[in-house]
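>
2 protein chains.
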Amino acid sequence: MPKLPPLNALRAFEAAARHGGFIGASAELNVTRGAISRHVKLLEDHLGFPLFVRQAQGVRLTDAGMQFLPVLTEAFGQIAREADRLSRNASELRVICPPGTSIRWLLPKLDRFQKAYPDFRLRLTTDFYADGGFDPIEADIGFSVANWPNRSPDIEVLTLFPTALTPACAPGYLRDMALKSPEDLSRCTVLHDPRSKTDWRAWTDRFGLAPVDPGVSQTFPNIDMATKAAVMGVGVVLADLVLCREEFEAGALAAPFPDLVCQSPLGGVCLLAGHEKWHSPKVAAFRSWAYDVAEPDRVMVHDRISALNAEGSKA
Amino acid sequence: MPKLPPLNALRAFEAAARHGGFIGASAELNVTRGAISRHVKLLEDHLGFPLFVRQAQGVRLTDAGMQFLPVLTEAFGQIAREADRLSRNASELRVICPPGTSIRWLLPKLDRFQKAYPDFRLRLTTDFYADGGFDPIEADIGFSVANWPNRSPDIEVLTLFPTALTPACAPGYLRDMALKSPEDLSRCTVLHDPRSKTDWRAWTDRFGLAPVDPGVSQTFPNIDMATKAAVMGVGVVLADLVLCREEFEAGALAAPFPDLVCQSPLGGVCLLAGHEKWHSPKVAAFRSWAYDVAEPDRVMVHDRISALNAEGSKA
DNA sequence: TCTTTGGATAAGAAAAACTGATCCTAGCCA
DNA sequence: TGGCTAGGATCAGTTTTTCTTATCCAAAGA
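Residue numbers (the working numbering), protein chains in the order written: chain A, 1 to 315; chain B, 1 to 315.
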């Protein structure tokens with residue numbers, strides 16, 4: 001096994017050869033001429049043959065030096081490029097998040113993340129099947145629900161906030177339809193997203209009600225569109241207190257049965273990633289940030305649920 | 001232009017990754033575990049991401065580390081192999097020498113060179129047109145004559161000894177032919193090598209003689225064969241006092257006209273090489289050795305010529 | 001001849017790398 | 001359960017390396 005010459009001397013020689021002199025190399029490496037001179041001499045002593053011919057006006061490569069240079073340039077270049085690529089990769093945080101959670105919760109907060117961690121370049125995809133995007137496998141961290149079935153065992157999970165559900169519609173719609181009791185929902189238009197059939201069932205089950213069998217229902221590709229339709233007065237949506245928090249607080253959505261709040265059987269919104277990625281610095285930074293940012297939502301849901309429980313036991 | 005990480009740290013990481021642990025690396029690099037640990041940490045800090053996952057029973061490469069390792073191994077390998085190749089190359093001394101000079105002068109002395117410089121592996125070729133040998137252009141140093149026409153100007157030359165010529169033949173031949181004066185040569189068989197026609201002419205010119213026009217002449221491919229034929233009593237050769245020194249001293253060759261010694265117009269036997277090779281350590285070693293070894297021959301020819309000059313002016 | 005360019009060199013200062021000792025953690029084994 | 005072991009991390013102190021600063025020096029050009 002051939003032995004490796006002193007590496008810093010190799011670098012000094014490579015720079016000197018590339019610049020055609022020690023002065024150029026000393027500028028590139030931020031050292032003095034003397035340092036380069038000593039490095040080159042050391043390397044020549046190590047190799048046992050000269051790399052430069054010393055002339056009055058500088059140096060000229062020997063044949064051996066001429067043969068050595070391209071090998072070094074290429075080798076160092078490969079190392080530098082790969083190190084750079086890996087660094088870029090490490091500073092790029094690839095997040096995958098379903099469209100509803102993304103638009104209604106994550107996106108409005110992301111600029112705060114960028115301010116807090118300006119070194120990370122965040123790439124978000126909301127489309128698990130995107131062509132032009134990145135493979136979900138390649139993502140560093142993803143948003144999901146806590147009780148997703150068949151979760152691989154070495155995946156780490158952190159719940160950001162529980163999913164608390166209650167029917168909601170535009171205030172005008174509520175007035176027009178005169179919604180007094182859950183049975184009145186049969187007269188309404190129910191606005192679905194792909195998850196909400198299970199959730200409606202959980203909601204009726206939770207409060208011992210008959211399944212809701214509306215006259216009209218519409219299905220939207222995600223929770224955001226269903227919610228927007230509800231705000232426009234199209235019908236009733238099973239709203240997430242957190243994801244629809246803004247609409248509730250602005251009065252754009254009203255809850256006809258504010259006491260009938262249940263949690264989703266799929267669990268709350270959570271972050272998840274494989275063990276190694278989970279503990280990488282960039283993902284650790286993101287999840288700690290996300291957990292902090294979700295604090296008010298966790299508190300809000302918690303307070304609401306406890307208040308209802310207290311009221312229920314009091315009644 | 002991507003920046004190069006600390007090179008010694010890279011080497012430490014590469015060794016550690018290859019050995020699957022810091023202890024193996026510390027053995028390979030002859031340092032302690034702690035040194036490897038610090039190097040790896042330094043590199044991780046520089047890159048901004050971890051290369052190893054630390055576990056109770058040692059370390060495991062991260063994805064990034066796994067991607068980095070083969071690049072480093074390959075780059076370091078290329079450097080080490082090329083350095084090794086160049087070192088071997090530098091220790092190989094390629095000498096080109098005409099057959100006569102080679103057999104009659106150089107070869108008998110070469111074992112002394114090997115003893116003096118055991119690190120050099122000497123490759124000698126006597127054939128400028130050899131197929132299996134090496135290109136004369138690739139030779140490090142060559143033997144020639146000092147006054148070769150059209151010599152390229154940046155070629156350095158060192159004359160080892162002058163070429164002093166006088167006719168010579170076996171003592172029996174001399175007796176049988178009763179050689180008394182140069183004119184008697186016309187009765188002899190003259191033994192030629194490719195150079196000797198010019199030299200005969202120089203010899204006759206030098207002493208104001210008519211050109212030798214022998215009844216019989218034979219031509220040999222090199223001076224060694226012509227000399228051997230002369231020793232066998234075939235005819236007369238224009239002998240070089242140095243190259244035929246052994247035969248003269250052993251009495252195998254006799255000079256019919258010992259006072260008629262001239263120097264070759266082509267000059268003495270010399271070493272030559274391009275400027276750069278000339279000053280390389282291995283060639284410098286060889287030529288200084290060769291010059292020393294040629295000392296007795298220089299002295300012998302010098303003494304002989306001065307003696308003749310003194311005698312000539314006295315007469 | 002004098003100046004400029006570019007490298008070589010040496011002494012001392014600064015930085016780095018290394019060692020040796022000690023600490024720490026997780027698995028292992030009785 | 002607790003000691004044992006393997007393998008790293010860390011720290012203080014020392015050794016080595018490396019760098020700088022300040023001269024030299026040689027050759028080319030003005």
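Here a beta-carbon is modelled for each residue, glycine too, at the ideal position from N, C-alpha and C. Remember, it's a predicted structure, so these values are computed and weren't measured experimentally.
For A/D213 and A/S186, what's the separation of their Cα atoms in angstroms?
The alpha-carbon atoms of A/D213 and A/S186 are separated by roughly 5 Å.
> Note down, in chain order, every chain A residue with its Cβ under 7 Å from the Cβ of B/L10.
I79
> Throw me the rounded Cβ distance for the B/V261 and B/L165 pair, which I believe falls under 8 Å.
7 Å
> Quick check: is the beta carbon of B/Q114 nearer than 8 Å to any beta carbon in chain A?
no
> Within the stretch 223-271 of chain A, note down every full beta strand (DSSP E) run reaching 3 residues or more, in order along the chain.
236-240
> Could you work out which residues of chain A lie near B/L7, taking near to mean beta carbons separated by less than 7 Å?
L7, N8, R11
> So, with DSSP's three-state summary, where would you put A/G274?
strand
> Which term fits B/E44, buried or exposed, when burial requires 16 or more other beta carbons within 10 angstroms of its beta carbon?
buried
> Which residues, taken in chain order from the stretch 42-68 of chain A, show a beta carbon closer than 8 Å to some beta carbon of chain B?
So the close ones are L47, G48, F49, P50, V53, T62, D63, A64, Q67, F68.
> Whose CA, out of A/A12, A/G34, A/D119, lies closest to the CA of A/R88?
A/D119
> Starting from the Cα of B/A83, find the closest Cα among A/L4, A/P258, A/V237 and give me that residue.
A/L4
> Please name the residue in B/I23, B/D63, B/R18 whose C-alpha comes closest to that of A/G274.
Considering only alpha carbons, the answer is B/D63.
> Check each candidate in A/L253, A/A90, A/H19, A/G21 and name the one with the smallest Cα separation from A/S280.
In terms of CA proximity to A/S280, A/A90 leads the group A/L253, A/A90, A/H19, A/G21.
> Would you kindly work out how many angstroms separate the C-alpha atoms of A/P149 and B/G77, rounded to a whole number?
48 Å
> Quick one: is B/D84 near chain A, going by C-beta distance under 8 Å?
yes
> Taking Cβ to Cβ, would you say B/L61 is nearer than 8 Å to B/L10?
no
> Among A/T125, A/A239, A/A210, which one has its Cα closest to the Cα of A/D224?
A/A239
> Would you please state the rounded distance, in angstroms, between the beta carbons of B/V231 and B/T189? I believe it to be under 8 Å.
Not confirmed; about 14 Å, so no contact.
> Once the 5 residues before and after B/V216 are set aside, which same chain residues still bring their CB inside 6 Å of it?
Annotation for B/V216: T189 place their beta carbon closer than 6 Å to its own, counting only its chain and skipping 5 residues before and after.
> I need the straight-line Cα distance from B/G20 to A/L271, nearest angstrom please.
32 Å
> Where does B/A15 fall in DSSP's three states?
helix
> Where does B/P5 sit, in a helix, a strand or coil, going by DSSP?
When secondary structure is reduced to three states using DSSP, B/P5 falls in the coil class, being assigned neither helix nor strand.
> From the beta carbon of A/E92, is the nearest beta carbon of chain B less than 8 Å away?
no
> Got a sec? Which residues, its chain only, sit under 8 Å from A/N147 by beta carbon, not counting five neighbours each side?
P265, L266, G267
> When Cβ atoms are compared, which residues of the stretch 166-194 of chain B fall closer than 9 Å to chain A?
none
> Can you give me the C-alpha to C-alpha distance between A/D259 and A/K277, rounded to a whole angstrom?
A direct Cα-Cα distance of roughly 41 Å separates A/D259 from A/K277.
> Beta-carbon of A/E276 versus every beta-carbon of chain B: anything under 8 Å?
Yes, A/E276 lies at the interface with chain B (some Cβ there is under 8 Å from its Cβ).
> On the CB-based measure, 16 or more other CB atoms within 10 Å of its CB, does A/S13 come out buried or exposed?
The question names Ser, but residue 13 of chain A is Phe in the sequence shown. The residue in question, A/F13, is buried, as its Cβ has 16 or more Cβ neighbours within 10 Å.
> To the nearest angstrom, report how far apart A/P296 and A/V95 are at their CA atoms.
22 Å
> Quick one: what does DSSP say B/G142 is sitting in, helix, strand or coil?
Reduced to three states, the DSSP call for B/G142 is strand.
> Since B/L253 and B/F220 are thought to touch, with beta carbons under 8 Å apart, how far apart are those beta carbons, to the nearest angstrom?
Not quite, the Cβ-Cβ distance comes to about 15 Å (not below 8 Å), so this is no contact.
> Helix, strand or coil, according to DSSP, for B/A164 in the structure here?
strand
> Counting contacts by CB-CB distance shorter than 8 Å, is B/A27 in contact with chain A?
no
> So, at 6 Å on beta carbons, what are the nonlocal neighbours of B/A226 in its own chain, with the 5 sequence-adjacent residues on each side left out?
Counting only Cβ-Cβ distances below 6 Å, and skipping sequence neighbours, we find L191, D193, F220, V237.
> How long is the line joining the alpha carbons of B/F286 and B/W105, rounded to whole angstroms?
15 Å
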